[in-house]
Amino acid sequence: MRSSITSLPPQLIHAFTGPNCAGNPAWVVPVQPTADIHATAAQYLARPGATACALLLPATHRNSSITLRSFGPSGEIQLCGHALLCAAHWLWSLGKQEPLHFDLPACQQHIRATRLRDETCLALPSNNYRLCNPPEGLAALIGQRILRCARSTSLPGSLIVELHSESAVQDVQLNAAALMQLTTDCVLITARSHRPGIDVVSRYFTPAYGALEDPATGSAHCLIANWWRGRLGSHPLRCWQASPQGGWLQAQHMGSSTRIWGKCSTL
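This is the structure:
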């Protein structure tokens, strides 16, 4: 891996794909250790169709971990689940062996990726929360009654908001400027689903990071898995992210870590 990764071709991959959903695209780009990281990320993010860019640097440690740095429109992302998923899928498609190990310097985490049948599985840090009152005016802005609200204690700047139904989640229409005036937090809305094959549904609004809504979000489902486990159990949750693009994945709270897995596609 150390001698060959920088010679591999860049590739646009879509994570969390499935029937009738395009998932979330990310460029996976190998770079030399001497490369201008920020300029390279900006170059690929300027191309149409991608919400993130995963830059891979050669292993520098004896454990052969790959250094991965993820970037979005507003800058470096501490932990980007869909970029990690895309990177692992891309490396396996080129013949790399599992498991893969990624070092993330932005958040000082070490992430393990494995295959689960035809899907890619990540072991991510679990996301804890504390209950709180929703920001004043949020219920009126989203046009829905809020059942519960909490603030993430693991990922500062993120709120999770539970609504009463899947249709309520799907019906939310937000304006980026109006949401930014109310709060600079990312807002994750979720509800239980009663459709066959789906346990929970969500949407993730992130205007502070340069996009109103994230198409399909791996790290947010670490919070969703913890949020619902007391009522739906600790078994794998079948999750649908109801963005316009749509995302399909599964998530399972495992204590200090949360497993998320889904399919990737080269479209």
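Here the sequence shown is numbered in numbering that gives the first Met the number 0, starting from 0 and rising by one per residue. No residue lacks a Cβ here, since even glycine has one placed at the ideal position from N, Cα and C. Bear in mind the structure is a predicted one, so any value in this text is a computation, not a measurement.
Cβ-based neighbour list, S264, same chain, cut-off 8 Å, excluding 5 preceding and 5 following: I12, H13, T16, G22
Proximity below 7 Å, CB of I159 to CB of L187: Yes.
Sequence-distant residues of its chain with Cβ nearer than 6 Å to R114 (five each side left out): E97.
Whole-angstrom C-beta distance between L93 and I110, which should lie under 8 Å: With a Cβ gap of about 19 Å, I110 and L93 do not count as contacting.
7 Å CB neighbourhood of Q108 in its chain, flanking five on each side removed: L78, P124
Sheet register partners of Q251 (DSSP bridge): R258
CB of R237 within 7 Å of CB of Q249, strictly: Yes; because the gap between Cβ atoms is below 7 Å, this pair is in contact.
Given P57 as reference, the closest of L103, C120, R46, A241 once Cα atoms are compared: L103
Beta-bridge pairing of C238 - partner residues as DSSP gives them: V199, L248
Beta-carbon proximity check, Y208 vs S73, cutoff 7 Å: In this structure, S73 lies closer than 7 Å to Y208 by Cβ.
Entirely enclosed beta strand (DSSP E) segments - the region 74–116, minimum 3 residues: 74–76, 99–103, 108–115
Minimum length 3: unbroken beta strand (DSSP E) runs contained in the region 152–176: DSSP assignment within the region 152–176 yields the following whole beta strand (DSSP E) runs of 3 residues or more, N-terminal first: 157–161.
Same chain, Cβ closer than 6 Å to E212, five either side skipped, listed in chain order: F204, S242
G229 - DSSP class collapsed to helix/strand/coil: DSSP places G229 in helix when its eight states are reduced to three.
C-beta contact flag for I223 and T189 at 7 Å: Cβ distance < 7 Å, so I223 and T189 count as in contact.
Y267: first and last residue of the uninterrupted alpha helix (DSSP H) it sits in: Look at the range of the chain in this structure, 0 to 266, and you will see that residue 267 is not part of it.
Nearest residue (CA-CA) to A82, options A53, E75, L178, K95: A53
Whether Q240 touches S201 by CB criterion (7 Å): yes
E165 burial status per 10 Å Cβ neighbour count (16 or more: buried): buried
Cβ-Cβ distance between W91 and Q10 below 7 Å: No; because the gap between Cβ atoms is not below 7 Å, this pair is not in contact.
Coil, strand or helix - P299 by DSSP: No statement about residue 299 is possible, as the shown extent of the chain runs from 0 to 266 and does not include it.
Unbroken beta strand (DSSP E) run spanning V30, endpoints: It is not in any beta strand (DSSP E) - V30 carries neither H nor E in the DSSP assignment.
Q336 (DSSP reduced to helix, strand or coil): Because the chain spans 0 through 266 in this model, residue 336 falls outside it and cannot be assessed.
8 Å contact criterion, which A34 and E75 should meet: CB distance rounded: A Cβ-Cβ separation of about 15 Å leaves A34 out of contact with E75 under the 8 Å criterion.
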